[in-house]
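Here is the structure we will look at.
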Amino acid sequence: MVIVAYIVPKLADYSAAALDAAVSQLLAALKEEVDHAWSSGTAWKAFRDRWIGRKGGLLTQVNDLWLKAAPKDAKREVGRRVNEIRMEVEHAVGKTEGLYLESETATQAPGSIESVDITLPGIRRAIGAEHPVMRTSREMVAVFQKLGYSVADGPVIETDYYNFEALNFPPNHPARDTQDTLFIAGQQAKPLRERLLLRTHTSPVQIRTMENMRPPIRIVIPGTVHRNDPPDASHSPMFHQIEGLAVDTNITFGDLKGTLDHAMKEFFGSSVKTSFRPSFFPFTEPSAEMFVSCFICGGSGRRGSGPCRPCKQTGWIEILGCGMVDPNVFEFVKDNGYDPKKVSGFAFGMGADRIALLKYGVEDLQLFFQGDVRFLQQFS
Ligand code: DAH
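Right, dumping it as C-alpha cells:
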C-alpha cells in the first residue's frame with residue numbers, strides 16, 4: 460500500500476465541526492503510519508522524527524498552524540484538542556519504540572547495546588496487601604509477644620517422632636492413618652519414628668523448642684500444617700495454626716485460663732467472654748476446648764430476626780484446644796531440665812484460617828487459597 464504522506468493543513472475555519480474533521484484526519488494518518496513504524500530501526504526513527512521532531516515535526520506544525528494561528532476566542536478549544544493529539548502521538552511513538560526494541564532483542568546477538576528512552580514513564584506495580592490469614596496470625600502472635608512470649612518455628616516436613624511419638628500419641632492412634640496424615644512416599648524401610656510426613660499440627664515445635672531451650676519458656680509458634688482432607692468450604696489440605704507453650708515451676712490451669720482469656724479480649728475486643736469445656740488431646744492432661752462468646756451476635760445466638768450462623772445459634776464459637784502439658788511429654792525432654800516432678804506447663808493450639816474466616820465474614824475457606832486478586836484486593 461502506498462501511503463500518501465499526511466500534511467498538516469492550515470485552518471480557515473475554527474468551528475467545532477471543522478476542528479473535529481481536522482483532528483480525525485490527523486489521527487487517521489497517525490494510525491496508518493504506526494503499523495509500519497516498528498518494522499526497523501530506521502523506520503521507527505523516521506516515524507518519531509516526523510511526528511515529534513522539534514524542528515518541523517508534525518506536532519510542532521500543529522502547534523504553529525492550529526494553536527498559535529487560532530483567533531483568541533477559539534484558543535481554549537484548540538488548545539484542548541492539540542493536547543489530546545499530543546498525548547496520542549506520544550503514546551504511539553512510545554508504543555512503536557517498545558515494539559521495535561522487542562523485535563530487535565529477539566534477533567540481536569547477546570551483548571549488543573541498544574538505546575532505551577529513559578524519559579518514558581516506568582511500569583507501576585500494585586503494592587498489594589497482607590493476606591488476611593497472615594494478618595490474623597501476625598496479630599494473634601503480637602498479643603502473646605506483648606505478654607513476653609518469643610516466636611519459635613520448626614520444619615513443615617516432620618518425623619513421626621516429633622509429630623506423634625514425643626507428643627504421647629499411642630502407636631496405633633488413628634491420626635497416624637494415611638486417611639488423616641500426608642506421608643512422604645517410600646519410607647517403609649525406616650523405623651516408624653524416622654518416617655517423614657507433613658506435620659499435621661504445630662505441636663511438634665513444642666518438643667523441638669524444649670530440646671533446645673531450658674525452662675522457663677514461653678513461646679508462640681505460627682506455622683503451616685497439612686492434613687489429608689479434601690478441600691471444601693471449611694476444610695483445606697493445607698492450613699495454618701498458632702501454637703503456644705508456657706513451662707515454668709508452678710504453672711497452673713488458672714494461669715492457662717487467665718492468659719487465654721486476656722489474649723482473646725485483646726484480639727476480639729474486651730467484651731468477649733471465654734468458656735472452657737473438657738476435651739482430650741494425647742499431649743495434655745487435663746485438656747479443654749476454649750470457646751469465646753460470639754463476637755458476631757454478641758452471644759445472643761440471633762442476628763436481627765434470624766439465627767446467627769457462625770455460632771450456630773449457641774452464642775459461643777470454638778477457638779482452640781488447650782491443656783496442661785502431659786507429664787509423659789516432659790519425659791521426652793527430661794534431660795534438658797523438664798523433670799515432670801519439678802516443672803509444669805500449659806499449651807494451646809488454634810487455627811488461623813478459621814479465625815480469619817470468622818473475623819472477616821468469609822463464607823468459603825477456599826477463597827483464601829485461590830489467589831484471586833478480586834478477593835484479595837478487598838483486604839488492601
Ligand atoms: N494440636 C492440636 C490440633 O491440631 C491443637 C492443640 C490442642 C494444641 C491442645 C495444643 C493443645 O498445644 O494443648 O488439633
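In this note's numbering, the protein residues as written are 460 to 839. Idealized CB from N, CA, C, for every residue including glycine.
query = By DSSP, does Phe834 sit in helix, in strand, or in coil?
reply = In the sequence shown, the residue the question calls residue 834 occupies position 375. Three-state DSSP puts Phe834 in a helix.
inquiry  = What does the Cβ neighbour count give for Gln665, buried or exposed, with the cut at 16 atoms within 10 Å?
reply    = Mapped onto the sequence shown, residue 665 falls at position 206. By the 10 Å Cβ count, Gln665 comes out buried.
query = Which residue from Glu617, Phe698, Leu489 puts its Cα closest to that of Arg840?
reply = This structure cannot settle anything about residue 840, because the visible part of the chain is limited to 460 through 839.
message = Quick check on the burial criterion: 16 or more other C-beta atoms within 10 angstroms. Buried or exposed for Phe740?
response = Indexing the sequence shown from 1 puts residue 740 at position 281. Under this definition Phe740 is a buried residue.
key: Length-filtered (3 minimum) beta strand (DSSP E) runs lying within the stretch 627 to 656   = none
query = Between which two residues does the beta strand (DSSP E) harbouring Gly703 extend?
reply = Against the sequence shown, residue 703 aligns to sequence position 244. Start and end: 697 to 707.
query = With 16 other CB atoms within 10 Å as the buried threshold, where does His685 fall?
reply = Along the sequence shown, one-based indexing puts residue 685 at 226. His685 comes out buried.
ask   = Is the closest heavy atom of the ligand DAH to the C-beta of His694 under 7 Å?
value = Here the question's residue 694 lines up with position 235 in the sequence shown. Every heavy atom of the ligand DAH is 7 Å or more from the Cβ of His694, so no.
message = Using only CA atoms, which one of Asn631, Gly703, Asp612, Ala705 lies nearest to Arg667?
response = Counted from its first residue, the sequence shown places residue 667 at position 208. Among Asn631, Gly703, Asp612, Ala705, the Cα nearest to that of Arg667 is on Asp612.
inquiry  = Just verifying my parser: in three-state terms, what is the DSSP assignment at Glu589?
reply    = Start at 1 with the first residue of the sequence shown, and residue 589 comes out as number 130. In the structure shown, Glu589 sits in coil (DSSP, three-state: anything other than H, G, I, E or B).
Phe712: first and last residue of the uninterrupted alpha helix (DSSP H) it sits in = Residue 712 sits at position 253 when you count from the first residue of the sequence shown. Element bounds for Phe712: 712 to 727.
task = Would you kindly work out how many angstroms separate the C-alpha atoms of Thr773 and Asn671, rounded to a whole number?
result = Translated into positions along the sequence shown, residue 773 becomes position 314. Translated into positions along the sequence shown, residue 671 becomes position 212. For Thr773 and Asn671, the distance between alpha carbons rounds to 43 Å.
Contact under 8 Å by Cβ, Tyr842 with Val537 = Residue 842 falls outside the range modelled here, since the chain spans only 460 to 839, and no answer is possible.
Three-state secondary structure (DSSP) of Ala464 = To locate residue 464, count along the sequence shown from 1; it is residue 5. Coil, per DSSP.
query = By how many angstroms is the C-alpha of Lys605 removed from the C-alpha of Glu777?
reply = Taking the first residue of the sequence shown as 1, we reach residue 777 at position 318. Taking the first residue of the sequence shown as 1, we reach residue 605 at position 146. Distance between the alpha carbons of Glu777 and Lys605: 24 Å.
query = Is Ala611 helix, strand or coil when you go by DSSP?
reply = Within the sequence shown, residue 611 is the residue found at index 152, counting from 1. Of the three classes helix, strand and coil, the one that applies to Ala611 here is coil, per DSSP.
inquiry  = Can you find the residues in the same chain that come closer than 7 Å, C-beta to C-beta, to Thr519, ignoring five residues on each side of it along the sequence?
reply    = What you label residue 519 is simply residue 60 of the sequence shown in a count that begins at 1. So the list reads Arg513, once near-sequence residues are dropped.
inquiry  = For the ligand DAH, I want to know if His699 counts as a neighbour, meaning its beta carbon is within less than 7 Å of at least one of the ligand's heavy atoms.
reply    = Here residue 699 corresponds to residue number 240 of the sequence shown, with the count starting at 1. For the ligand DAH, not one heavy atom lies less than 7 Å from the Cβ of His699.
key: Check: Ser734 C-beta below 7 Å from any heavy atom of the ligand DAH   = Taking the sequence shown and counting its residues from 1, one reaches residue 734 at position 275. No, the beta carbon of Ser734 sits no closer than 7 Å to any heavy atom of the ligand DAH.
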